[in-house]
Amino acid sequence: MQVIQRDAIKRLHIDSLLTEKEMLATVVPDVHLVATLMSLGRAIPEKNKDMARQVVRKVVDDLLRKLSSPTQQAVTGALNRSARRRNPRYNEIDWKTTILKNLKNYQPQYKTVIPEVRIGYARKCKALKDIILCLDQSGSMGTSVVYSGIFGSVLASLPSVSTRMVVFDTSVVDLTDDLQDPVDLLFGVQLGGGTDIARALTYCQGVITRPQDTVLVLVTDLYEGGDEKEMRKRFASIVASGVQLIVLPALNDDGAPCYDKRNAEYLAGLGVPTFACTPDKFPDLMAAALSKQDIGMWASKNIKESH
Numbered sequence: 014m015q016v017i018q019r020d021a022i023k024r025l026h027i028d029s030l031l032t033e034k035e036m037l038a039t040v041v042p043d044v045h046l047v048a049t050l051m052s053l054g055r056a057i058p059e060k061n062k063d064m065a066r067q068v069v070r071k072v073v074d075d076l077l078r079k080l081s082s083p084t085q086q087a088v089t090g091a092l093n094r095s096a097r098r099r100n101p102r103y104n105e106i107d108w109k110t111t112i113l114k115n116l117k118n119y120q121p122q123y124k125t126v127i128p129e130v131r132i133g134y135a136r137k138c139k140a141l142k143d144i145i146l147c148l149d150q151s152g153s154m155g156t157s158v159v160y161s162g163i164f165g166s167v168l169a170s171l172p173s174v175s176t177r178m179v180v181f182d183t184s185v186v187d188l189t190d191d192l193q194d195p196v197d198l199l200f201g202v203q204l205g206g207g208t209d210i211a212r213a214l215t216y217c218q219g220v221i222t223r224p225q226d227t228v229l230v231l232v233t234d235l236y237e238g239g240d241e242k243e244m245r246k247r248f249a250s251i252v253a254s255g256v257q258l259i260v261l262p263a264l265n266d267d268g269a270p271c272y273d274k275r276n277a278e279y280l281a282g283l284g285v286p287t288f289a290c291t292p293d294k295f296p297d298l299m300a301a302a303l304s305k306q307d308i309g310m311w312a313s314k315n316i317k318e319s320h
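Residues in the sequence shown are numbered consecutively from 14, following my numbering.
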């Protein structure tokens with residue numbers, strides 16, 4: 014039903030009908046419908062906006078139920094592992110974990126375990142890592158923006174990470190304050206327009222305070238409408254600073270995306286792979302990034318096609 018509905022809307026050019034309350038009441042809510050409503054934006058009459066929000070809310074709630082738990086478990090698990098201290102002071106030793114880690118060193122004649130490695134309790138701090146989700150809001154990125162908004166909202170609920178949401182076309186808008194309500198967040202996005210990736214990267218660099226502990230996820234097709242040389246310069250600078258940069262041409266279930274292969278090759282030269290990621294893989298991707306794994310290696314094992 015959803016496929017038929019989507020094809021009909023696309024083929025018959027009846028997007029504008031979705032601004033009518035009667036049409037909104039009959040359609041089957043899905044991610045593509047949310048993207049279409051986002052693209053219509055201000056064209057939706059004020060009297061019908063409540064109905065549009067109800068449609069978006071239903072899809073958002075469904076996605077949150079599906080994606081919240083895997084994301085929270087993957088990210089929290091990765092941070093707990095990375096936060097444990099090696100060779101801590103005596104009063105900071107986690108004896109249970111230390112003994113389990115050193116069972117192979119059990120000495121039967123002494124009936125004791127020789128602790129070659131001592132494991133300390135995880136560090137207690139407000140946020141162990143900073144995450145920036147930077148989203149291209151050009152028209153083709155609609156469903157990726159929807160999923161990114163959902164993941165951003167889930168990540169923002171975790172005290173162990175600090176999450177920022179940035180969207181861009183030829184200008185840059187910081188939607189971090191809207192992360193508490195993904196519906197408000199999605200209605201704050203204006204799909205369509207040009208693309209200035211260099212400007213978005215410049216903004217992101219300006220808000221990074223601890224590059225070694227920052228993961229920057231850039232969701233874009235890499236077609237730069239601004240200054241390509243400046244964009245590449247920014248990419249190189251971000252990587253050199255120690256930021257973990259991940260570039261996703263798509264974050265959805267729509268299949269192989271179209272993206273700028275030349276810029277993907279440039280990024281590959283910097284050690285930054287470019288690959289589309291499905292929503293079910295994104296939690297594990299974030300866990301790998303937060304634990305500073307080789308993302309290229311992770312992608313080769315978990316993603317069918319990566320550049």
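Yeah, the Cβ is synthetic: ideal placement off N, Cα and C, and Gly gets one too.
If you're wondering where the values come from, they're calculated on a predicted model, not measured in any experiment.
Per DSSP, what kind of secondary structure is Gln225 in: helix, strand or coil? If you number the sequence shown from 1, residue 225 lands on position 212. Residue state, collapsed to three classes: helix.
Decide if Glu237 is buried, meaning its Cβ has at least 16 other Cβ atoms within 10 Å, or exposed. As a first step, residue 237 must be located in the sequence shown, where it is residue number 224. The residue in question, Glu237, is buried, as its Cβ has 16 or more Cβ neighbours within 10 Å.
Quick check: the Cα distance between Val180 and Ile132, rounded to an integer number of angstroms? For the purposes of this step, residue 180 is taken as the residue at position 167 of the sequence shown. For the purposes of this step, residue 132 is taken as the residue at position 119 of the sequence shown. Looking at the two C-alpha atoms, the distance is approximately 41 Å.
Between which residues of its own chain and Ala213 is the CB-CB distance below 6 Å, once the five residues before and five after are set aside? Looking up residue 213 in the sequence shown gives position 200. Cβ within range, chain order: Cys147, Phe181, Val185.
Could you give the distance in angstroms between the alpha-carbon of Ile145 and the alpha-carbon of Val126? Taking the first residue of the sequence shown as position 1, residue 145 is located at position 132. Taking the first residue of the sequence shown as position 1, residue 126 is located at position 113. Cα to Cα, Ile145 sits roughly 44 Å from Val126.
Between which two residues does the beta strand (DSSP E) holding Ile316 run? Locating residue 316 in the sequence shown gives position 303, counting from the first residue. Taken as a continuous stretch (DSSP letters only), Ile316 belongs to no beta strand (DSSP E), as it is neither H nor E.
Which stretch, first to last residue, makes up the beta strand (DSSP E) that contains Lys246? For the purposes of this step, residue 246 is identified with residue 233 of the sequence shown, where counting begins at 1. From DSSP, Lys246 is part of no beta strand (DSSP E) but of the alpha helix (DSSP H) over 241-253.
What separation, rounded to the nearest whole angstrom, lies between the Cα atoms of Leu171 and Gln85? As a first step, residue 171 is located in the sequence shown; it is residue number 158 there, counting from the start. As a first step, residue 85 is located in the sequence shown; it is residue number 72 there, counting from the start. So the two alpha carbons sit approximately 7 Å from each other.
Can you tell me which of the three DSSP states Asp197 falls into? Locating residue 197 in the sequence shown gives position 184, where the first residue counts as 1. Asp197 falls in the helix class under three-state DSSP.
Should Val260 and Thr287 be called a contact, given that it needs their Cβ atoms to be closer than 8 Å? Sequence index remark: in the sequence shown, residue 260 carries index 247 (1-based). Sequence index remark: in the sequence shown, residue 287 carries index 274 (1-based). Result yes, Cβ atoms of Val260 and Thr287 sit closer than 8 Å.
DSSP state of Arg131 mapped onto helix, strand, coil: Along the sequence shown, read from residue 1 onward, the residue named residue 131 stands at position 118. Note: Arg131 maps to coil in three-state DSSP.
With DSSP as the reference, label Lys294 as helix, strand or coil. The residue given as residue 294 occupies position 281 in the sequence shown. If DSSP states are grouped into helix, strand and coil, Lys294 belongs with coil.
My guess is that Leu258 and Val220 are in contact by the Cβ rule of under 8 Å, so how many angstroms apart are they, rounded? For the purposes of this step, residue 258 is taken as residue 245 along the sequence shown, with counting starting at 1. For the purposes of this step, residue 220 is taken as residue 207 along the sequence shown, with counting starting at 1. In fact, because the Cβ distance is near 15 Å, the residues do not count as touching under 8 Å.
Count the other CB atoms, across all protein chains shown, that sit within 10 Å of the CB of Ser173; report buried if there are 16 or more and exposed otherwise. Stepping through the sequence shown from its first residue, residue 173 is reached at position 160. Answer is buried; the Cβ neighbour count reaches 16.
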